[in-house]
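Notes follow once the structure below has been shown.
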Amino acid sequence: MNIIGHTLQGLALLANLLAGAGFLFCSYSQYLSPVAHPVLSCAGLFFPFFLFLNALFLLFWLFVQWKFSLVPFLFLLAGWGSIRSYAPWGHKEEAEGKETLKFLTYNVMGMPVEKGDSVNPIVEYIRKSDADVVCLQEYPVHDEKIRKALSFYPYVETFAVAGWNGMACLSRYPILSVERIGYKSVSNGSFLLRLKLDKDTMAVVCNHLESNKLDAHDKQVYEEILKSPGEKNVKSGGKYLLGKLAEAAALRAPQADSVAQAIAGNKCRYMLVCGDFNDSPLSYAHRIIGRGLHDAYIEAGRGPGFSYNRNFLYFRIDHLMVGEGFRVLEADVDNSISASDHYPLWCVVEKL
Numbered sequence: 005m006n007i008i009g010h011t012l013q014g015l016a017l018l019a020n021l022l023a024g025a026g027f028l029f030c031s032y033s034q035y036l037s038p039v040a041h042p043v044l045s046c047a048g049l050f051f052p053f054f055l056f057l058n059a060l061f062l063l064f065w066l067f068v069q070w071k072f073s074l075v076p077f078l079f080l081l082a083g084w085g086s087i088r089s090y091a092p093w094g095h096k097e098e099a100e101g102k103e104t105l106k107f108l109t110y111n112v113m114g115m116p117v118e119k120g121d122s123v124n125p126i127v128e129y130i131r132k133s134d135a136d137v138v139c140l141q142e143y144p145v146h147d148e149k150i151r152k153a154l155s156f157y158p159y160v161e162t163f164a165v166a167g168w169n170g171m172a173c174l175s176r177y178p179i180l181s182v183e184r185i186g187y188k189s190v191s192n193g194s195f196l197l198r199l200k201l202d203k204d205t206m207a208v209v210c211n212h213l214e215s216n217k218l219d220a221h222d223k224q225v226y227e228e229i230l231k232s233p234g235e236k237n238v239k240s241g242g243k244y245l246l247g248k249l250a251e252a253a254a255l256r257a258p259q260a261d262s263v264a265q266a267i268a269g270n271k272c273r274y275m276l277v278c279g280d281f282n283d284s285p286l287s288y289a290h291r292i293i294g295r296g297l298h299d300a301y302i303e304a305g306r307g308p309g310f311s312y313n314r315n316f317l318y319f320r321i322d323h324l325m326v327g328e329g330f331r332v333l334e335a336d337v338d339n340s341i342s343a344s345d346h347y348p349l350w351c352v353v354e355k356l
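The numbering used here puts the last residue of the sequence shown at 356; the count rises by one with no breaks.
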């Protein structure tokens with residue numbers, strides 16, 4: 005190989021090392037406190053980009069200099085846990101004859117009705133889902149028509165958060181108690197419920213953590229970056245959007261801490277923690293809240309499972325976690341309904 009060839013190969017290897025370092029940083033940024041490092045803690049959002057780069061380098065070296073393929077392979081191996089969290093490849097498990105339950109979480113965006121609809125599509129979806137416990141975010145707490153339409157569930161609790169915006173828990177099991185988890189927020193909240201599950205008690209934590217508050221202008225900035233990805237647009241628009249995301253992450257972190265403390269103080273064998281976290285599976289909030297729990301989608305879902313689906317923004321920010329008393333059989337983000345800016349997320353578990 006001539007000097008030029010060696011030089012180009014060296015530059016490619018350097019680029020691979022930089023891409024690998026970026027990949028690892030994104031993989032483990034969930035361990036950074038968003039309060040202390042608000043911008044850096046958002047690095048997980050760039051995980052798919054660096055994952056793609058390292059996969060390309062792996063293919064490149066296999067064809068150009070196969071020995072160097074070990075470099076991206078080792079980076080990918082070191083970040084395997086994050087790859088599995090971001091895009092799991094689970095499969096449906098068969099029940100072993102014990103009782104099974106279905107859980108559903110859904111940010112319903114106020115449960116809008118399109119012109120000409122005779123019934124609310126979200127109400128019909130919930131009815132047909134046959135879920136045993138349903139947790140809803142952005143539920144219209146003052147809409148009596150919606151509440152009556154959901155009366156096919158014998159036990160319903162609604163929680164006002166701000167104005168019309170609230171949450172609801174629909175259950176086939178008696179709801180024994182409800183309490184709000186205390187943390188600072190104007191328009192978001194978390195609630196702890198205790199349900200009577202046959203002879204046992206089940207704890208349910210329904211969450212709607214701090215929103216990223218991306219308004220119409222912010223989404224326009226994002227769309228401009230996608231349409232015209234020039235240096236000026238990417239630099240100015242990216243810096244502006246990252247600042248907003250970092251600000252929201254710093255607000256979410258203490259909320260996640262409060263939820264984690266509530267879970268630890270009410271730990272029981274049968275537990276469901278779910279809702280709109282407004283954060284990815286590679287985030288501080290997901291890691292802190294999920295300690296000691298099983299993420300149903302990571303265990304049984306397939307692919308990235310984007311649950312937010314508007315304005316060219318695609319992320320899995322809705323999550324379902326269960327305690328050790330449940331074995332996850334199946335989980336999915338259901339994109340068959342587009343009545344909200346979120347897709348519903350459900351799982352089927354077997355009671356152990």
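Ideal placement from N, C-alpha and C gives every residue a C-beta, glycine not left out.
Determine the extent of the alpha helix (DSSP H) in which residue i is found, giving its start and end residues.
i, result
"S86", "W84 to Y90"
"Q69", "Q69 -> no alpha helix (DSSP H), and no H or E assigned at all."
"V127", "P125 to S133"
"K152", "E148 to A153"
"A25", "I7 to Y32"
Report the residue from the options whose alpha carbon sits nearest the alpha carbon of residue i.
i, options, result
"L213", "H146, V238 and Q141", "Q141"
"E183", "C46, V165 and S191", "V165"
"M325", "S342, Y274, H346 and G269", "Y274"
"E103", "E161, L196, G329 and Q259", "G329"
"I150", "D136, I130 and D134", "I130"
"H146", "P52, G186 and G167", "G167"
"N339", "R295, Y177, Y110 and D219", "Y110"
"R291", "L55, S89 and N20", "S89"
"L317", "L333, E228 and L22", "E228"
"S344", "R314, C351, V352 and D336", "R314"
"F310", "G85, S284 and L333", "S284"
"C272", "S262, W84 and L297", "L297"
"V75", "A23, L333 and E100", "A23"
"A255", "K188, C278 and G269", "Going by the sequence as given, residue 255 is Leu instead of Ala. Checked all of K188, C278 and G269; the closest Cα to L255 is K188."
"K248", "Q259, S122, A260 and Y226", "Y226"
"V263", "M113, N216, G241 and L197", "L197"
Would you please verify whether the beta carbon of residue i is less than 8 Å from any beta carbon of chain D?
i, result
"G170", "In the structure shown, chain D cannot be found, because there is only a single protein chain."
Taking the beta carbon of residue i as the centre, do at least 16 other beta carbons fall within 10 Å, making it buried, or is it exposed?
i, result
"W65", "buried"
"T11", "exposed"
"L199", "buried"
"Q69", "exposed"
"R331", "buried"
"R320", "buried"
"E303", "buried"
"S31", "buried"
"I267", "buried"
Tell me whether the beta-carbon of residue i lies closer than 8 Å to the beta-carbon of residue j.
i, j, result
"L356", "Y301", "no"
"P42", "A250", "yes"
"P38", "Y288", "yes"
"L57", "F77", "no"
"V137", "V238", "no"
"F51", "L286", "yes"
"G279", "C173", "no"
Between which two residues does the beta strand (DSSP E) carrying residue i extend?
i, result
"Q141", "V137 to P144"
"A304", "Per DSSP, A304 belongs to no beta strand (DSSP E); it is in the alpha helix (DSSP H), A300 to A304."
"N313", "Y312 to R314"
"A335", "F330 to V337"
"M325", "D322 to V326"
Is the closest heavy atom of the ligand FMN to the C-beta of residue i under 7 Å?
i, result
"W65", "Because no ligand of any kind appears in the structure shown, any question about the ligand FMN cannot be addressed here."
* What are the complete alpha helix (DSSP H) segments, minimum 4 residues, inside the segment 224-294? -> 235-269 and 288-293
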